[in-house]
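Residue numbers (the numbering used here): 44 to 348. All C-beta atoms in this analysis are idealised placements derived from N, C-alpha and C, irrespective of residue type, glycine included.
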């Protein structure tokens with residue numbers, strides 16, 4: 044079956060399918076080359092990248108939970124220079140849309156990273172704002188509309204690439220932050236990032252994770268993610284990449300109906316490395332059964348009344 048029904052475009056990026064992979068769950072893409080047609084994916088959001096190399100957190104960094112997992116990897120990565128000079132030249136052979144997820148400790152650092160990554164082979168930048176602003180006493184960029192907007196402006200001022208802001212669910216009003224980022228010039232929004240969680244070992248009476256708390260992902264967060272995508276889609280005009288607990292094509296359909304123009308698969312890649320291809324096939328069959336010409340015809344079509 045042809046995938047033509049799945050062809051789409053996001054921020055000027057042509058995509059074979061609207062199915063991407065979420066940062067931190069798919070390495071740099073090359074690790075999955077034996078299981079997935081990387082060029083068929085809408086894009087690969089590569090492992091989070093920082094200005095300097097990071098070794099990540101100490102102790103236990105991943106723990107399984109009912110219908111999900113907790114992680115506190117701590118942004119372990121080789122740094123932007125290694126990515127640019129070693130990783131990017133190597134993964135270009137796969138002809139995939141490379142979306143680089145970046146994190147900074149200051150607004151200025153986001154601008155620096157955006158400038159360095161304004162190169163051929165990078166399709167877009169995804170801004171991870173679920174990290175502390177060291178200049179503002181550790182407040183998370185993603186929990187404050189003004190701080191998140193400042194990050195967007197810094198990145199936009201230093202790159203010609205589309206800028207995608209990744210929204211945190213650990214907020215009271217996700218819509219306010221989404222609107223602030225759109226006003227600041229974000230080309231698209233991705234949501235949701237992980238929910239903050241904790242697990243305690245009842246035998247030792249100590250936290251399971253070395254960092255005490257971590258990000259909760261997997262099927263257990265999907266209803267929260269669908270709700271937030273729906274709310275944000277009603278309030279902004281930029282495209283949305285929906286993510287959070289997607290394990291099958293039926294889950295993906297929910298996100299499209301809620302208002303997402305594309306979806307990203309995360310935790311499910313750990314349990315089945317071929318899951319993205321299965322989702323692509325399922326979406327194509329769903330569109331054919333429902334006599335829909337293109338995936339765009341499904342976006343935002345949830346019937347509330």
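Residue i classed as buried or exposed, judged by whether at least 16 other C-beta atoms fall within 10 angstroms
i: residue 230; result: buried
i: residue 331; result: exposed
i: residue 102; result: exposed
i: residue 333; result: exposed
i: residue 44; result: Legend: pLDDT at residue 44 = 44, less than 50; position of this residue unreliable, value from coordinates given subsequently. Classification of residue 44: exposed, given that the 10 Å Cβ count is below 16.
i: residue 166; result: buried
i: residue 294; result: buried
i: residue 94; result: buried
i: residue 164; result: exposed
i: residue 314; result: exposed
i: residue 42; result: Since the first and last residues shown for the chain are 44 and 348, residue 42 lies out of range.
i: residue 233; result: buried
i: residue 90; result: buried
i: residue 272; result: buried
i: residue 247; result: exposed
i: residue 76; result: exposed
i: residue 342; result: buried
N-terminal and C-terminal residue of the alpha helix (DSSP H) that residue i is part of
i: residue 131; result: 131-134
i: residue 157; result: 150-159
Cβ distance (whole Å) where residue i is taken to contact residue j below 8 Å
i: residue 325; j: residue 288; result: No, residue 325 and residue 288 are not in contact; Cβ-Cβ is about 16 Å, not under 8 Å.
i: residue 140; j: residue 185; result: At roughly 24 Å, the Cβ-Cβ gap does not stay under 8 Å, so residue 140 and residue 185 are not in contact.
i: residue 46; j: residue 327; result: 6 Å
i: residue 192; j: residue 224; result: 6 Å
i: residue 168; j: residue 145; result: 6 Å
i: residue 242; j: residue 278; result: Contact flag wrong, Cβ pair sits at about 34 Å.
i: residue 148; j: residue 195; result: Not quite, the Cβ-Cβ distance comes to about 17 Å (not below 8 Å), so this is no contact.
i: residue 253; j: residue 100; result: 6 Å
Extent of the continuous beta strand (DSSP E) to which residue i belongs
i: residue 349; result: In the structure as shown, the chain begins at 44 and stops at 348. Residue 349 is therefore absent and cannot be evaluated.
i: residue 286; result: 283-286
i: residue 110; result: Premise fails: residue 110 is in no beta strand (DSSP E) and is neither H nor E.
i: residue 167; result: 167-171
Own chain residues within Cβ distance below 6 Å of residue i, not counting five before or after
i: residue 78; result: 316 and 317
i: residue 58; result: 51 and 85
i: residue 282; result: 53, 231 and 304
i: residue 236; result: 173, 209 and 211
i: residue 152; result: 94
i: residue 116; result: 99 and 104
i: residue 238; result: 212, 259 and 264
Cβ shell of residue i (< 8 Å), same chain only, five flanking positions each side left out
i: residue 111; result: 259, 260, 261, 262, 263, 264, 288 and 310
i: residue 351; result: One cannot answer for residue 351 here, as it falls past the ends of the chain, which runs 44 to 348.
i: residue 122; result: 92, 93, 94, 95, 96 and 97
i: residue 250; result: 241, 242, 243, 244 and 256
i: residue 162; result: 127 and 131
i: residue 214; result: 185, 186 and 220
Own chain partners of residue i with C-beta closer than 7 Å, once the 5 adjacent residues on each side are dropped
i: residue 154; result: 197, 198, 200 and 201
i: residue 308; result: 62, 64, 65, 289, 318, 319 and 322
i: residue 138; result: 82
i: residue 344; result: 300
i: residue 329; result: 292 and 296
i: residue 347; result: none
i: residue 134; result: 71, 72, 73 and 141
i: residue 60; result: 46, 49, 83, 84, 85 and 323
* To do: Please specify which runs of the alpha helix (DSSP H), each continuous and at least 4 residues long, are wholly inside the stretch 293-337, giving them in chain order.
  => Counting only runs of at least 4 residues, the stretch 293-337 fully encloses the following alpha helix (DSSP H) elements, listed from N- to C-terminal order: 311-314 and 318-332.
* **4-residue-minimum alpha helix (DSSP H) runs that sit fully inside the stretch 192-265, ordered along the chain** => With a minimum length of 4 residues, the continuous alpha helix (DSSP H) runs that stay inside the stretch 192-265 are 217-226.
* To do: Pick out the complete beta strand (DSSP E) segments inside the stretch 49-96, 3 residues or longer, and give them in chain order.
  => With a minimum length of 3 residues, the continuous beta strand (DSSP E) runs that stay inside the stretch 49-96 are 51-53, 56-58, 62-64 and 86-92.
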